[in-house]
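In this note's numbering, the protein residues as written are 1 to 104.
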């Protein structure tokens, strides 16, 4: 990619984060926005602390959301190396939302 393309990608990623932030300002109880924002932060921007914080917020809003538990568990397992916490998150998600097993 050229320098201009790289700058456009960086600008678009920053805009996406800003849009997620604005969305959560207007819909502060949207688990889906926090979950999506966390995925963007983790896999696009590689900002693990921010992603972890956003997943924690999503989990506080909906502790029974299997998809958030799954994503948070993956972060804890693959990035943080915290296997016990990952397992606990996966179990929590599957107890309340067994259909979330389909994302594995």
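Ideal placement from N, C-alpha and C gives every residue a C-beta, glycine not left out.
Sort the options by Cα distance to residue i and report the nearest one.
i, options, result
"residue 54", "25, 39, 67, 66", "39"
"residue 93", "66, 72, 34", "66"
"residue 85", "35, 44, 56, 15", "56"
"residue 45", "33, 15, 99", "15"
"residue 17", "33, 29, 28, 78", "33"
"residue 37", "21, 75, 80", "21"
"residue 43", "75, 87, 29", "75"
Check whether the Cβ atoms of residue i and residue j lie closer than 8 Å to each other.
i, j, result
"residue 89", "residue 73", "yes"
"residue 35", "residue 51", "no"
"residue 96", "residue 47", "no"
"residue 31", "residue 68", "yes"
Taking the C-alpha atoms as reference points, what is the distance between residue i and residue j?
i, j, result
"residue 82", "residue 70", "14 Å"
"residue 19", "residue 13", "10 Å"
"residue 143", "residue 99", "With the chain represented from 1 up to 104, any question about residue 143 goes unanswered, as that position is not in the structure."
"residue 11", "residue 49", "21 Å"
"residue 41", "residue 79", "13 Å"
"residue 91", "residue 27", "28 Å"
"residue 87", "residue 29", "26 Å"
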